[in-house]
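Number of protein chains: 2
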Amino acid sequence: MPSEFEIIKRFFDRPARHALVGIGDDCALLRPDAGLELAVTTDTLIEGRHFLPGADAEALGHKALAVNLSDLAAMGAAPRWATLALALPAADERWLAGFARGFFALAERHGVDLVGGDTTRSPLLTINITALGEVPAGVAMYRAGARPGDDIWVSGELGGAALALKQPGLAAQLPELAARLHRPEPRVELGERLRGLARAAIDLSDGLAGDLGHILERSQVGAVVEYAAIPRPAAFERFRELERDCVLSGGDDYELLFTAAQPQRRDIEALSRELKIPLSRIGAIQPNAAAGAGKLVVLDAAGKPIAHRGGFDHFASG
Amino acid sequence: MPSEFEIIKRFFDRPARHALVGIGDDCALLRPDAGLELAVTTDTLIEGRHFLPGADAEALGHKALAVNLSDLAAMGAAPRWATLALALPAADERWLAGFARGFFALAERHGVDLVGGDTTRSPLLTINITALGEVPAGVAMYRAGARPGDDIWVSGELGGAALALKQPGLAAQLPELAARLHRPEPRVELGERLRGLARAAIDLSDGLAGDLGHILERSQVGAVVEYAAIPRPAAFERFRELERDCVLSGGDDYELLFTAAQPQRRDIEALSRELKIPLSRIGAIQPNAAAGAGKLVVLDAAGKPIAHRGGFDHFASG
Chain A
1 MPSEFEIIKR
11 FFDRPARHAL
21 VGIGDDCALL
31 RPDAGLELAV
41 TTDTLIEGRH
51 FLPGADAEAL
61 GHKALAVNLS
71 DLAAMGAAPR
81 WATLALALPA
91 ADERWLAGFA
101 RGFFALAERH
111 GVDLVGGDTT
121 RSPLLTINIT
131 ALGEVPAGVA
141 MYRAGARPGD
151 DIWVSGELGG
161 AALALKQPGL
171 AAQLPELAAR
181 LHRPEPRVEL
191 GERLRGLARA
201 AIDLSDGLAG
211 DLGHILERSQ
221 VGAVVEYAAI
231 PRPAAFERFR
241 ELERDCVLSG
251 GDDYELLFTA
261 AQPQRRDIEA
271 LSRELKIPLS
281 RIGAIQPNAA
291 AGAGKLVVLD
301 AAGKPIAHRG
311 GFDHFASG
Chain B
1 MPSEFEIIKR
11 FFDRPARHAL
21 VGIGDDCALL
31 RPDAGLELAV
41 TTDTLIEGRH
51 FLPGADAEAL
61 GHKALAVNLS
71 DLAAMGAAPR
81 WATLALALPA
91 ADERWLAGFA
101 RGFFALAERH
111 GVDLVGGDTT
121 RSPLLTINIT
131 ALGEVPAGVA
141 MYRAGARPGD
151 DIWVSGELGG
161 AALALKQPGL
171 AAQLPELAAR
181 LHRPEPRVEL
191 GERLRGLARA
201 AIDLSDGLAG
211 DLGHILERSQ
221 VGAVVEYAAI
231 PRPAAFERFR
241 ELERDCVLSG
251 GDDYELLFTA
261 AQPQRRDIEA
271 LSRELKIPLS
281 RIGAIQPNAA
291 AGAGKLVVLD
301 AAGKPIAHRG
311 GFDHFASG
């Protein structure tokens with residue numbers, strides 16, 4: 001069985017292109033560009049909680065990094081560096097090779113250096129990644145930036161990952177749906193290009209209602225969303241009874257939700273065509289008085305409010 | 001039971017003094033000082049592996065941060081920011097309050113802002129911290145910096161944490177010994193003051209033999225250490241049979257080991273007096289030819305080599 005140091009050397013120690021020191025010292029050493037701000041985010045995936053035992057190692061390597069890059073994208077930051085803390089039941093070489101393949105394929109596509117980490121034995125497979133990105137001073141998108149009258153936009157389609165989770169059999173038939181759950185594509189380029197166009201942004205990890213709720217709370221505004229305007233996968237035609245909950249409250253889509261002033265519509269539509277990423281206008285930010293502080297109203301095609309539940313809470317259920 | 005967001009708000013959301021955005025957005029947003037380099041390190045503590053079930057929450061909050069600050073100190077970096085990923089079996093408010101107390105007491109003492117994190121439910125308590133620090137350009141201490149003829153120095157005493165681990169009953173009698181294991185004091189100020197004095201440095205987390213071995217390997221040199229010169233707690237007088245293994249190969253001391261050119265002896269001794277931290281000269285770096293690449297020779301009082309085992313390997317035992 002390879003030792004801790006062999007594991008790092010064989011599977012994870014690749015030359016860092018944008019670091020003074022990468023893996024192998026007490027710390028990584030970076031030299032951020034002057035005038036740039038540094039965005040930092042951390043996310044953990046735990047066996048039995050975020051993925052099933054026996055989940056594909058390559059997909060896990062991809063997803064563990066993807067969820068962090070998605071957070072960077074939501075701030076408008078360009079990803080640069082990551083650290084990886086792995087707690088593993090055993091030093092399974094096939095698993096490690098697969099995980100590294102998934103991780104580095106995504107990392108290299110976005111110019112991310114793995115600059116440090118920690119490898120430990122644990123009965124429960126746990127993957128923690130901290131990602132660092134850079135954004136020019138003053139243009140990062142905050143959750144607190146939404147203003148009454150802003151349009152609310154989302155990228156891609158919502159609810160697909162939640163449907164794949166609830167209908168694993170269906171996911172096997174429709175690989176595109178399974179990919180949404182297991183290999184989400186972080187909207188890195190979109191996030192960077194939204195700088196200056198969007199006022200507030202968040203990535204949809206816990207579901208539309210919960211994540212939009214964070215923007216409303218931080219921005220001290222309300223919102224009205226037209227349910228019919230929310231893009232969703234065609235597969236829901238066969239699962240009407242699951243649709244609303246998946247689309248409004250299903251997690252794991254890793255699309256971007258952002259708000260922008262109305263005069264930006266043309267530029268946003270042009271960006272959508274250029275990047276070949278669907279961007280849909282699904283509603284509008286309201287003053288607090290109209291909808292209540294942080295209040296989200298979702299309307300059906302007849303203009304009637306639809307009940308919905310908030311986002312996923314890790315401590316809400318047993 | 002408090003929700004994930006309430007946990008963060010109640011126990012962890014304190015104003016960040018040195019960050020544009022702290023907890024509560026997709027990412028933290030920092031503005032590193034121009035001309036400084038950024039040191040990044042990550043460490044995980046896992047129940048049953050790094051601490052026993054039922055371990056004191058306040059001590060854990062302290063130690064989880066301390067082991068990361070110790071890595072920063074070994075590079076000569078001043079700690080600035082940290083992220084915290086907590087995986088918890090339950091949202092136990094007393095535990096959370098204790099953990100936060102231990103964490104923030106140490107963080108505030110060293111001016112560290114908690115700027116982000118992630119809270120998840122998991123059957124196995126797992127604590128991951130990523131810490132970021134700053135160091136002026138060009139003065140960080142690398143593992144690769146040791147040169148033949150350098151003195152080898154250590155701070156404090158070695159082996160105490162390992163003894164406390166092996167003799168928990170003794171640790172109860174000698175609170176100072178228990179503190180070495182459960183509440184290690186990272187050598188933050190010493191690390192910063194060694195800039196320009198030390199050539200190579202590492203923190204002793206896995207034991208003297210293993211960690212000095214990393215310096216030897218990276219610097220392509222050998223070393224001779226005089227066992228009698230290694231400072232150790234007086235409690236070993238009652239446990240002679242445990243002493244050598246604890247002193248040479250016991251982990252968790254979080255002292256600094258560093259090498260320095262001989263002309264620096266006076267300044268290092270003056271620094272020791274000023275900081276009131278014992279600094280002991282325990283041996284010398286040798287050219288590769290004398291001791292073999294990366295070879296560590298430990299001599300007893302009669303000049304005979306002492307057998308020793310390398311550092312802790314998380315995957316070496318079942």
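Those protein sequences? They're chains A and B, same order as listed.
Residues 1 to 318 (my numbering) make up the first sequence, in order.
Residues 1 to 318 (my numbering) make up the second sequence, in order.
Don't be surprised by glycine CBs; every beta carbon is placed ideally from N, CA and C.
Status (buried if at least 16 other CB within 10 Å, exposed otherwise) for B/Leu52: Walking along the second sequence from the start, residue 52 of chain B turns up at place 52. With fewer than 16 other Cβ atoms within 10 Å, it is exposed.
List the residues of chain A whose Cβ lies closer than 7 angstroms to the Cβ of B/Thr120, in chain order. In the second sequence, residue 120 of chain B corresponds to position 120, counting from 1. Simply Thr44, Ile46, Arg49, His314.
Taking the beta carbon of A/Ala134 as the centre, do at least 16 other beta carbons fall within 10 Å, making it buried, or is it exposed? Taking the first sequence and counting its residues from 1, one reaches residue 134 of chain A at position 134. Here residue 134 of chain A is Glu; the residue named in the question, Ala, does not match the sequence. Buried.
So is B/Arg187 buried or exposed if we call it buried at 16+ other beta carbons inside 10 Å? For the purposes of this step, residue 187 of chain B is taken as the residue at position 187 of the second sequence. B/Arg187 comes out buried.
On the criterion of 16 or more Cβ atoms from any shown chain inside 10 Å, does A/Lys276 qualify as buried, or is it exposed? To locate residue 276 of chain A, count along the first sequence from 1; it is residue 276. The residue is exposed, with fewer than 16 neighbouring Cβ atoms inside 10 Å.
Classify B/Gln173 as buried or exposed, calling it buried when 16 or more other Cβ atoms lie within 10 Å of its own Cβ. Mapped onto the second sequence, residue 173 of chain B falls at position 173. Per the 10 Å Cβ criterion, exposed.
B/Gly318 burial status per 10 Å Cβ neighbour count (16 or more: buried): Locating residue 318 of chain B in the second sequence gives position 318, counting from the first residue. Residue confidence is low: B/Gly318 scores 34 on pLDDT, short of 50, so the model does not pin down where it sits. No coordinate-derived value is stated.
Give the residues of chain A in contact with B/Glu37, contact being defined as C-beta atoms less than 8 angstroms apart. The residue labelled residue 37 of chain B in the question sits at position 37 within the second sequence. Within 8 angstroms Cβ-Cβ: Leu20, Leu29, Leu30, Arg31.
May I ask you to list the residues that DSSP assigns as paired with A/Arg121? Looking up residue 121 of chain A in the first sequence gives position 121. Answer is A/Leu88, bridged to A/Arg121.
Which whole runs of the beta strand (DSSP E) in the stretch 219 to 258 of chain B are 3 residues long or more, in chain order? Fully enclosed beta strand (DSSP E) runs of 3 or longer: 222 to 226.
Assuming A/Ile46 contacts B/Thr120 under a Cβ cut-off of 8 angstroms, what Cβ separation, rounded to an integer in Å, is found between them? Position 46 of the first sequence, counting from 1, holds the residue named residue 46 of chain A. Position 120 of the second sequence, counting from 1, holds the residue named residue 120 of chain B. The pair is a contact, with the Cβ atoms about 6 angstroms apart (cut-off 8 angstroms).
With a 10 Å radius around its C-beta and 16 neighbouring C-beta atoms as the bar for buried, classify A/Pro15 as buried or exposed. Counting from one through the first sequence, the residue named residue 15 of chain A turns up at place 15. With fewer than 16 Cβ atoms within 10 Å of its Cβ, A/Pro15 is classed as exposed.
Excluding the 5 residues preceding and the 5 following B/Leu29 in the sequence, name in chain order all residues of the same chain whose CB lies nearer than 6 angstroms to its CB. Counting from 1 along the second sequence, the entry for residue 29 of chain B is found at position 29. Counting only Cβ-Cβ distances below 6 angstroms, and skipping sequence neighbours, we find Leu20, Val21.
Buried or exposed for B/Glu269, please, with buried defined as at least 16 other CB atoms from any protein chain shown within 10 angstroms of its CB. On the second sequence, residue 269 of chain B is found 269 positions in, with the first residue counted as 1. Looking at its Cβ environment, which holds fewer than 16 other Cβ atoms inside 10 Å, B/Glu269 is exposed.
So A/Val40 and B/Gly116 are in contact, right, with Cβ under 8 angstroms, and what is the actual spacing, rounded? If you number the first sequence from 1, residue 40 of chain A lands on position 40. If you number the second sequence from 1, residue 116 of chain B lands on position 116. That pair is a contact at about 6 angstroms.
Report all residues from its chain with a CB closer than 6 angstroms to the CB of B/Pro233; omit the five preceding and five following residues, and keep chain order. Stepping through the second sequence from its first residue, residue 233 of chain B is reached at position 233. Excluding positions up to five away in sequence, the list reads Glu157, Gly160.
Closer than 6 angstroms by C-beta to B/Arg309: which residues in its own chain qualify, once you throw out the five before and the five after it? Chain order, please. As a working note, residue 309 of chain B is residue 309 in the second sequence. Taken in chain order, the residues that qualify are Ser249.
Which residues, in order along the stretch 77 to 108 of chain A, keep a beta-carbon less than 9 angstroms from a beta-carbon of chain E? In the structure shown, chain E cannot be found, because the protein chains are A and B.
Is it buried or exposed for B/Ala301, if we count other Cβ within 10 angstroms and need 16 for buried? Within the second sequence, the letter at position 301 stands for residue 301 of chain B. It counts as exposed.
Suppose you measure from the CA of A/Arg49 to the CA of A/Arg265; what does that come to, to the nearest Å? Counted from its first residue, the first sequence places residue 49 of chain A at position 49. Counted from its first residue, the first sequence places residue 265 of chain A at position 265. A/Arg265 has its alpha-carbon roughly 39 angstroms from the corresponding atom of A/Arg49.
What first and last residue would you give for the alpha helix (DSSP H) that runs through B/Val298? Residue numbering aside, residue 298 of chain B sits at position 298 when the second sequence is read from its first letter. Segment 296 to 299 is the beta strand (DSSP E) holding B/Val298; no alpha helix (DSSP H) there.
Taking only three categories from DSSP, how would you classify B/Ser205? Taking the first residue of the second sequence as 1, we reach residue 205 of chain B at position 205. Coil.
To the nearest angstrom, how far is the alpha carbon of B/Leu125 from that of B/Leu165? By 1-based counting over the second sequence, the position of residue 125 of chain B is 125. By 1-based counting over the second sequence, the position of residue 165 of chain B is 165. If I take the Cα positions, the gap works out to 20 angstroms.
At the level of alpha carbons, what is the spacing between A/His182 and B/Trp153? The residue you call residue 182 of chain A lines up with position 182 of the first sequence. The residue you call residue 153 of chain B lines up with position 153 of the second sequence. When rounded, the distance between both Cα atoms is 50 angstroms.
Report the rounded CA-to-CA distance for B/Cys27 versus A/Leu163, giving the unit in angstroms. Residue mapping note: residue 27 of chain B aligns to position 27 of the second sequence, counting from 1. Residue mapping note: residue 163 of chain A aligns to position 163 of the first sequence, counting from 1. Straight-line Cα distance between these residues: approximately 28 angstroms.
Given A/Gly54 as reference, the closest of A/Leu88, A/Phe11, A/Val112 once Cα atoms are compared: Taking the first residue of the first sequence as position 1, residue 54 of chain A is located at position 54. Among A/Leu88, A/Phe11, A/Val112, the Cα nearest to that of A/Gly54 belongs to A/Leu88.
Beta-carbon gap between A/Gln286 and A/Gly213 smaller than 7 angstroms: Here residue 286 of chain A corresponds to residue number 286 of the first sequence, with the count starting at 1. Here residue 213 of chain A corresponds to residue number 213 of the first sequence, with the count starting at 1. Against a cut-off of 7 angstroms, the Cβ pair of A/Gly213 and A/Gln286 comes out as no contact.
Does the Cβ-Cβ distance between A/Trp81 and A/Leu132 come in under 7 angstroms? The residue you call residue 81 of chain A lines up with position 81 of the first sequence. The residue you call residue 132 of chain A lines up with position 132 of the first sequence. Their beta carbons are under 7 angstroms apart, which means A/Trp81 touches A/Leu132 by this criterion.
Would you decide whether B/Arg199 is buried or exposed? Buried here means 16 or more other CB atoms lie within 10 Å of its CB. Along the second sequence, read from residue 1 onward, the residue named residue 199 of chain B stands at position 199. By the neighbour-count rule (16 or more Cβ atoms within 10 Å), B/Arg199 is buried.
For B/Ser272 and A/Glu4, what's the separation of their Cα atoms in angstroms? Within the second sequence, residue 272 of chain B is the residue found at index 272, counting from 1. Within the first sequence, residue 4 of chain A is the residue found at index 4, counting from 1. Each residue's Cα considered, the two are about 34 angstroms apart.
What whole-angstrom Cβ distance do A/Gly231 and A/Pro175 have, given they're in contact under 8 angstroms? Indexing the first sequence from 1 puts residue 231 of chain A at position 231. Indexing the first sequence from 1 puts residue 175 of chain A at position 175. What sits at residue 231 of chain A in the sequence shown is Pro, not Gly. Not a contact, Cβ separation roughly 20 angstroms.
Using a Cβ cut-off of 7 angstroms (strictly closer), state whether A/Asn128 contacts chain B. The count along the first sequence starts at 1 and reaches residue 128 of chain A at position 128. Judged by the 7 angstroms Cβ criterion, A/Asn128 is in contact with chain B.
Decide if B/Ala178 is buried, meaning its Cβ has at least 16 other Cβ atoms within 10 Å, or exposed. Taking the second sequence and counting its residues from 1, one reaches residue 178 of chain B at position 178. Classification of B/Ala178: buried, given that the 10 Å Cβ count is 16 or more.
My guess is that A/Val225 and A/Ile282 are in contact by the Cβ rule of under 8 angstroms, so how many angstroms apart are they, rounded? The residue given as residue 225 of chain A occupies position 225 in the first sequence. The residue given as residue 282 of chain A occupies position 282 in the first sequence. Confirmed, about 5 angstroms.
Closest Cβ-Cβ distance between A/Asp253 and chain B: below 7 angstroms? As a position in the first sequence, residue 253 of chain A is number 253, starting the count at 1. No, no contact with chain B.
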